[in-house]
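Down below is the structure, laid out as C-alpha coordinates.
Numbering (my numbering), first residue to last: 96 to 405.
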(Lines of atoms letter the chains of each structure in order from A and count residues from 1; the text may use other names and numbers.)
(Lines give C-alpha, C1' and ligand atoms only; values in the text may rest on other atoms or scores of the structure.)
Protein backbone atom coordinates (compact mmCIF):
# COMPACT_ATOMS: atom_id res chain seq x y z
CA UNK A 1 0.00 0.00 0.00
CA UNK A 2 1.26 3.43 -0.84
CA UNK A 3 1.01 6.63 1.16
CA UNK A 4 1.62 9.03 -1.72
CA UNK A 5 -0.13 8.67 -5.07
CA UNK A 6 1.30 11.65 -6.94
CA UNK A 7 4.04 10.00 -8.98
CA UNK A 8 2.02 6.89 -9.80
CA UNK A 9 -1.06 8.79 -10.93
CA UNK A 10 1.02 11.11 -13.08
CA UNK A 11 2.46 8.11 -14.94
CA UNK A 12 -0.95 7.83 -16.59
CA UNK A 13 -2.98 11.02 -16.27
CA UNK A 14 -0.17 13.50 -16.86
CA UNK A 15 1.41 11.70 -19.81
CA UNK A 16 -0.36 14.02 -22.26
CA UNK A 17 -0.85 17.00 -19.97
CA UNK A 18 1.60 19.90 -19.99
CA UNK A 19 1.52 22.39 -17.14
CA UNK A 20 1.45 26.12 -17.81
CA UNK A 21 1.92 29.04 -15.45
CA UNK A 22 0.88 32.62 -15.98
CA UNK A 23 0.68 35.89 -14.12
CA UNK A 24 -2.95 36.83 -13.63
CA UNK A 25 -4.67 39.91 -12.20
CA UNK A 26 -6.01 39.95 -8.66
CA UNK A 27 -9.72 40.29 -7.98
CA UNK A 28 -11.17 41.85 -4.88
CA UNK A 29 -13.45 40.34 -2.25
CA UNK A 30 -14.54 41.09 1.30
CA UNK A 31 -13.51 39.22 4.42
CA UNK A 32 -14.83 38.96 7.98
CA UNK A 33 -13.99 36.70 10.91
CA UNK A 34 -16.09 33.93 12.40
CA UNK A 35 -15.22 30.71 14.15
CA UNK A 36 -15.72 27.23 12.60
CA UNK A 37 -18.14 24.80 14.26
CA UNK A 38 -17.42 21.39 15.72
CA UNK A 39 -16.04 19.05 13.06
CA UNK A 40 -17.81 16.02 14.51
CA UNK A 41 -21.25 17.65 14.37
CA UNK A 42 -20.43 19.06 10.95
CA UNK A 43 -19.77 15.58 9.55
CA UNK A 44 -23.21 14.30 10.56
CA UNK A 45 -25.09 17.34 9.27
CA UNK A 46 -23.15 17.58 6.02
CA UNK A 47 -24.21 14.09 5.02
CA UNK A 48 -27.88 14.70 5.78
CA UNK A 49 -28.25 18.08 4.09
CA UNK A 50 -26.16 17.41 0.98
CA UNK A 51 -28.07 14.18 0.29
CA UNK A 52 -31.45 15.85 0.90
CA UNK A 53 -30.75 18.78 -1.42
CA UNK A 54 -29.62 16.50 -4.24
CA UNK A 55 -32.67 14.27 -3.91
CA UNK A 56 -35.02 17.23 -4.49
CA UNK A 57 -33.49 18.27 -7.84
CA UNK A 58 -36.04 18.11 -10.69
CA UNK A 59 -35.65 15.84 -13.72
CA UNK A 60 -34.93 17.42 -17.11
CA UNK A 61 -34.36 16.11 -20.63
CA UNK A 62 -30.62 16.24 -20.10
CA UNK A 63 -30.60 14.51 -16.71
CA UNK A 64 -32.43 11.64 -18.41
CA UNK A 65 -29.31 11.21 -20.58
CA UNK A 66 -26.85 10.85 -17.71
CA UNK A 67 -24.76 7.70 -18.08
CA UNK A 68 -24.64 5.47 -14.99
CA UNK A 69 -21.38 3.57 -15.28
CA UNK A 70 -19.00 1.40 -13.29
CA UNK A 71 -15.54 -0.12 -13.55
CA UNK A 72 -13.53 -2.74 -11.69
CA UNK A 73 -11.48 -0.85 -9.14
CA UNK A 74 -8.14 -2.64 -8.87
CA UNK A 75 -6.00 0.20 -7.58
CA UNK A 76 -3.67 1.89 -10.07
CA UNK A 77 -3.57 -0.33 -13.21
CA UNK A 78 -0.52 1.55 -14.55
CA UNK A 79 1.55 0.89 -11.43
CA UNK A 80 3.17 -2.15 -9.84
CA UNK A 81 2.10 -0.93 -6.39
CA UNK A 82 -0.29 -3.33 -4.65
CA UNK A 83 -3.19 -1.65 -2.86
CA UNK A 84 -5.31 -3.16 -0.12
CA UNK A 85 -9.12 -3.10 -0.19
CA UNK A 86 -9.50 -3.09 -3.97
CA UNK A 87 -11.19 -5.56 -6.32
CA UNK A 88 -14.59 -3.87 -6.04
CA UNK A 89 -17.06 -2.50 -8.58
CA UNK A 90 -16.91 1.29 -8.51
CA UNK A 91 -19.70 3.49 -9.80
CA UNK A 92 -19.35 6.80 -11.57
CA UNK A 93 -21.62 8.91 -13.75
CA UNK A 94 -21.08 11.00 -16.85
CA UNK A 95 -22.84 13.47 -19.05
CA UNK A 96 -21.79 13.73 -22.70
CA UNK A 97 -23.43 16.46 -24.84
CA UNK A 98 -25.51 15.32 -27.79
CA UNK A 99 -23.22 17.34 -30.06
CA UNK A 100 -20.14 15.29 -29.17
CA UNK A 101 -18.97 13.02 -32.01
CA UNK A 102 -15.26 12.73 -31.20
CA UNK A 103 -14.08 15.01 -33.98
CA UNK A 104 -13.63 18.05 -31.72
CA UNK A 105 -11.91 18.23 -28.34
CA UNK A 106 -14.40 19.06 -25.58
CA UNK A 107 -13.74 20.59 -22.16
CA UNK A 108 -14.08 18.27 -19.17
CA UNK A 109 -15.47 19.04 -15.73
CA UNK A 110 -14.63 16.54 -12.99
CA UNK A 111 -17.33 16.92 -10.35
CA UNK A 112 -17.02 15.79 -6.70
CA UNK A 113 -20.03 15.07 -4.50
CA UNK A 114 -20.53 15.97 -0.86
CA UNK A 115 -20.46 13.82 2.25
CA UNK A 116 -23.12 11.12 2.28
CA UNK A 117 -23.99 11.74 -1.36
CA UNK A 118 -22.91 10.02 -4.58
CA UNK A 119 -22.17 10.76 -8.26
CA UNK A 120 -25.85 10.63 -9.18
CA UNK A 121 -26.67 13.32 -6.65
CA UNK A 122 -24.13 15.94 -7.63
CA UNK A 123 -24.46 15.51 -11.40
CA UNK A 124 -28.20 16.14 -11.05
CA UNK A 125 -27.84 19.51 -9.34
CA UNK A 126 -30.43 21.76 -10.91
CA UNK A 127 -29.37 23.12 -14.29
CA UNK A 128 -25.97 21.41 -14.37
CA UNK A 129 -26.50 19.02 -17.27
CA UNK A 130 -28.57 21.61 -19.15
CA UNK A 131 -25.57 23.94 -19.01
CA UNK A 132 -23.15 21.14 -19.91
CA UNK A 133 -25.25 20.47 -23.00
CA UNK A 134 -25.51 24.16 -23.90
CA UNK A 135 -21.81 24.95 -23.33
CA UNK A 136 -20.44 21.68 -24.68
CA UNK A 137 -18.85 20.18 -21.54
CA UNK A 138 -18.32 16.54 -20.76
CA UNK A 139 -18.93 15.99 -17.03
CA UNK A 140 -17.48 13.07 -15.05
CA UNK A 141 -18.62 12.46 -11.46
CA UNK A 142 -16.62 9.81 -9.57
CA UNK A 143 -17.68 8.08 -6.38
CA UNK A 144 -14.46 8.66 -4.45
CA UNK A 145 -14.57 5.01 -3.30
CA UNK A 146 -17.55 5.59 -0.99
CA UNK A 147 -19.79 8.40 0.23
CA UNK A 148 -17.33 9.56 2.91
CA UNK A 149 -13.87 9.13 1.36
CA UNK A 150 -12.99 12.85 1.40
CA UNK A 151 -10.86 12.38 -1.76
CA UNK A 152 -7.70 12.36 0.35
CA UNK A 153 -8.31 15.83 1.78
CA UNK A 154 -8.36 14.49 5.35
CA UNK A 155 -5.36 12.23 4.97
CA UNK A 156 -4.63 8.79 3.55
CA UNK A 157 -6.77 6.85 6.05
CA UNK A 158 -10.38 6.90 7.22
CA UNK A 159 -11.89 10.14 8.50
CA UNK A 160 -12.76 8.73 11.93
CA UNK A 161 -13.26 5.49 13.84
CA UNK A 162 -16.89 6.16 14.75
CA UNK A 163 -20.10 4.81 13.22
CA UNK A 164 -19.89 3.65 9.62
CA UNK A 165 -16.39 5.12 9.40
CA UNK A 166 -15.08 2.40 11.70
CA UNK A 167 -15.77 -0.21 9.00
CA UNK A 168 -14.06 1.73 6.24
CA UNK A 169 -10.71 0.64 4.81
CA UNK A 170 -7.73 1.92 6.76
CA UNK A 171 -6.43 3.42 3.50
CA UNK A 172 -9.75 5.07 2.54
CA UNK A 173 -8.23 8.48 1.78
CA UNK A 174 -5.77 6.94 -0.66
CA UNK A 175 -8.51 4.89 -2.34
CA UNK A 176 -10.88 7.86 -2.59
CA UNK A 177 -8.24 10.01 -4.27
CA UNK A 178 -7.20 7.20 -6.56
CA UNK A 179 -10.78 6.59 -7.72
CA UNK A 180 -11.05 10.22 -8.88
CA UNK A 181 -7.79 9.95 -10.80
CA UNK A 182 -8.86 6.62 -12.33
CA UNK A 183 -12.08 8.17 -13.65
CA UNK A 184 -10.08 11.08 -15.03
CA UNK A 185 -7.66 8.71 -16.76
CA UNK A 186 -10.49 6.62 -18.26
CA UNK A 187 -12.24 9.73 -19.52
CA UNK A 188 -9.07 11.03 -21.16
CA UNK A 189 -8.60 7.67 -22.88
CA UNK A 190 -12.21 7.29 -23.97
CA UNK A 191 -13.04 10.81 -25.16
CA UNK A 192 -11.46 13.60 -27.15
CA UNK A 193 -10.76 16.02 -24.30
CA UNK A 194 -9.18 19.44 -24.63
CA UNK A 195 -6.13 19.06 -22.34
CA UNK A 196 -6.05 22.81 -21.80
CA UNK A 197 -9.64 22.82 -20.51
CA UNK A 198 -9.88 20.28 -17.69
CA UNK A 199 -11.70 21.68 -14.66
CA UNK A 200 -12.35 20.41 -11.15
CA UNK A 201 -15.35 21.39 -9.05
CA UNK A 202 -17.06 20.04 -5.96
CA UNK A 203 -19.50 20.78 -3.18
CA UNK A 204 -18.90 20.56 0.57
CA UNK A 205 -16.68 17.48 1.08
CA UNK A 206 -16.21 17.69 -2.68
CA UNK A 207 -15.15 21.31 -2.31
CA UNK A 208 -12.47 20.20 0.13
CA UNK A 209 -11.49 17.52 -2.37
CA UNK A 210 -11.29 20.17 -5.08
CA UNK A 211 -8.77 22.12 -3.03
CA UNK A 212 -6.79 18.99 -2.15
CA UNK A 213 -6.58 17.51 -5.65
CA UNK A 214 -6.15 20.91 -7.25
CA UNK A 215 -3.12 21.59 -5.09
CA UNK A 216 -1.70 18.06 -5.35
CA UNK A 217 -1.98 17.81 -9.16
CA UNK A 218 -1.49 21.43 -10.28
CA UNK A 219 -0.43 20.58 -13.83
CA UNK A 220 -3.82 19.13 -14.77
CA UNK A 221 -6.42 21.78 -14.03
CA UNK A 222 -7.39 24.88 -15.99
CA UNK A 223 -9.68 26.04 -13.19
CA UNK A 224 -11.12 25.07 -9.81
CA UNK A 225 -14.64 25.54 -8.45
CA UNK A 226 -14.98 24.70 -4.73
CA UNK A 227 -18.49 25.35 -3.38
CA UNK A 228 -19.02 25.64 0.40
CA UNK A 229 -15.70 23.81 0.67
CA UNK A 230 -15.20 21.70 3.78
CA UNK A 231 -11.45 22.09 4.07
CA UNK A 232 -9.51 22.15 7.32
CA UNK A 233 -5.93 22.67 6.20
CA UNK A 234 -4.03 25.93 5.84
CA UNK A 235 -4.59 28.17 2.82
CA UNK A 236 -0.81 28.60 2.73
CA UNK A 237 -0.87 25.62 0.33
CA UNK A 238 -2.27 27.95 -2.34
CA UNK A 239 1.28 29.04 -3.15
CA UNK A 240 1.54 25.86 -5.25
CA UNK A 241 -1.34 26.87 -7.56
CA UNK A 242 -1.02 30.59 -8.10
CA UNK A 243 -1.41 29.91 -11.84
CA UNK A 244 -4.84 28.24 -11.51
CA UNK A 245 -7.96 30.44 -11.60
CA UNK A 246 -10.53 29.70 -8.87
CA UNK A 247 -14.20 30.46 -8.33
CA UNK A 248 -15.56 29.98 -4.80
CA UNK A 249 -19.27 30.02 -3.99
CA UNK A 250 -20.27 30.27 -0.33
CA UNK A 251 -23.40 31.16 1.64
CA UNK A 252 -22.84 33.60 4.48
CA UNK A 253 -25.44 31.77 6.61
CA UNK A 254 -23.96 28.31 6.05
CA UNK A 255 -24.29 26.58 9.42
CA UNK A 256 -22.13 23.62 8.42
CA UNK A 257 -19.11 25.13 6.71
CA UNK A 258 -18.60 28.53 8.25
CA UNK A 259 -18.19 31.39 5.81
CA UNK A 260 -14.96 32.35 7.55
CA UNK A 261 -13.25 29.29 6.04
CA UNK A 262 -13.91 30.50 2.50
CA UNK A 263 -12.98 34.05 3.43
CA UNK A 264 -9.58 32.95 4.75
CA UNK A 265 -8.79 31.13 1.50
CA UNK A 266 -9.98 34.09 -0.55
CA UNK A 267 -7.79 36.44 1.48
CA UNK A 268 -4.80 34.24 0.71
CA UNK A 269 -5.64 34.27 -3.00
CA UNK A 270 -5.78 38.05 -2.88
CA UNK A 271 -2.40 38.18 -1.21
CA UNK A 272 -0.92 35.86 -3.84
CA UNK A 273 -2.45 37.85 -6.71
CA UNK A 274 -4.39 34.85 -8.02
CA UNK A 275 -7.16 35.13 -10.58
CA UNK A 276 -10.30 34.37 -8.60
CA UNK A 277 -13.97 35.12 -8.25
CA UNK A 278 -15.66 34.95 -4.87
CA UNK A 279 -19.44 34.67 -4.86
CA UNK A 280 -20.78 35.09 -1.34
CA UNK A 281 -24.54 34.56 -1.15
CA UNK A 282 -26.31 36.80 1.42
CA UNK A 283 -28.50 34.52 3.54
CA UNK A 284 -27.16 31.52 1.63
CA UNK A 285 -27.22 28.08 3.25
CA UNK A 286 -24.98 25.07 2.74
CA UNK A 287 -26.75 23.03 0.04
CA UNK A 288 -29.54 24.89 -1.73
CA UNK A 289 -27.16 27.60 -2.96
CA UNK A 290 -25.80 25.11 -5.51
CA UNK A 291 -28.07 22.03 -5.61
CA UNK A 292 -31.20 24.10 -6.18
CA UNK A 293 -29.88 27.33 -7.69
CA UNK A 294 -28.97 27.07 -11.39
CA UNK A 295 -27.75 30.68 -11.39
CA UNK A 296 -24.84 29.69 -9.17
CA UNK A 297 -24.18 26.60 -11.27
CA UNK A 298 -24.14 28.92 -14.27
CA UNK A 299 -21.58 31.15 -12.52
CA UNK A 300 -19.17 28.20 -12.44
CA UNK A 301 -19.64 27.50 -16.16
CA UNK A 302 -19.29 31.21 -16.96
CA UNK A 303 -16.01 31.33 -15.05
CA UNK A 304 -14.63 28.12 -16.56
CA UNK A 305 -15.56 29.32 -20.06
CA UNK A 306 -12.97 32.07 -19.64
CA UNK A 307 -10.12 29.87 -18.39
CA UNK A 308 -7.57 27.87 -20.37
CA UNK A 309 -4.18 26.54 -19.38
CA UNK A 310 -2.27 28.15 -22.24
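A virtual CB, placed ideally from N, CA and C, is assigned to each residue, including glycine.
- As DSSP reads the structure, residue 371 sits in a beta bridge with 341.
- Scanning its chain for C-beta atoms nearer than 6 Å, with the 5 sequence neighbours on each side dropped, one finds around residue 215 the residues 188, in chain order.
- Within its own chain, the residues whose Cβ lies closer than 6 Å to the Cβ of residue 318, once the five positions on either side in sequence are excluded, are 294, 340, 399, 402, listed in chain order.
- Buried is the label assigned to residue 219, since at least 16 other Cβ atoms lie within 10 Å of its Cβ.
- When the five nearest sequence neighbours on each side are left out, the beta carbons in the same chain lying within less than 8 Å of the beta carbon of residue 226 are those of 232, 389, 392, 393, 396, in order along the chain.
- Annotation: residue 253 is outside any beta strand (DSSP E) and is labelled neither H nor E by DSSP.
- DSSP places residue 320 inside the beta strand (DSSP E), whose first and last residues are 318–322.
- The region 239–252 makes contact with the region 291–305; the number of CB pairs closer than 8 Å reaches 3 or more.
- In this model, residue 328 and residue 299 are separated by some 14 Å (Cα to Cα).
- Residue pairing for residue 165: DSSP places it in a beta bridge opposite 186.
- In this structure, the alpha-carbon of residue 268 lies about 14 Å from that of residue 326.
- Relative to residue 336, the option among 323, 370, 353 whose CA is nearest is 370.
- Distance from the CA atom of residue 253 to the CA atom of residue 331, rounded to whole angstroms, is 24 Å.
- DSSP places residue 223 in the helix class (H, G or I) of the three-state scheme.
- As the crow flies, the alpha-carbon of residue 324 is around 31 Å from that of residue 193.
- Excluding its 5 nearest sequence neighbours in each direction, residue 167 has C-beta neighbours in its own chain below 7 Å: 184, listed in chain order.
- Burial check for residue 287: the Cβ neighbour count within 10 Å stays below 16, so the residue is exposed.
- Where residue 275 is concerned, the enclosing alpha helix (DSSP H) starts and stops at 267–285.
- Residue 180 is a Cβ neighbour of residue 266, given a cutoff of 8 Å.
- Looking at the DSSP output, residue 298 bridges to 322.
- Take residue 157, set aside five residues on each side of it, and the residues of its chain with a beta-carbon closer than 8 Å to its own are 190, 224, 225, 227, 228, in chain order.
- In this structure residue 202 is buried. Its beta-carbon is surrounded by 16 or more other beta-carbon atoms within 10 angstroms.
- The alpha carbon of residue 164 has as its nearest neighbour, out of 238, 210, 230, the alpha carbon of 238.
- A distance below 6 Å between beta-carbons, with the five flanking residues on each side excluded, links residue 345 to the following residues of its chain, in chain order: 323, 354, 357, 375.
- If you draw a straight line from the Cα of residue 230 to the Cα of residue 195, it comes to about 11 Å.
- Judged by DSSP in its simplified three-state form, residue 204 adopts strand.
- Taking C-beta separations shorter than 7 Å and ignoring five residues to either side along the sequence, the partners of residue 274 in its chain run 168, 185, 237, 238, 239, 240, following chain order.
- In this chain, the beta strand (DSSP E) harbouring residue 237 covers 233–237.
- If you draw a 10 Å sphere on the C-beta of residue 154, you find fewer than 16 other C-beta atoms in it, and that means exposed.
- In this structure, DSSP gives residue 289 an extended state, which the three-state scheme calls strand.
- Between residue 349 and residue 320, the gap from beta carbon to beta carbon reaches 8 Å or more.
- Contact check for residue 235 against residue 206 passes: the beta carbons are separated by less than 8 Å.
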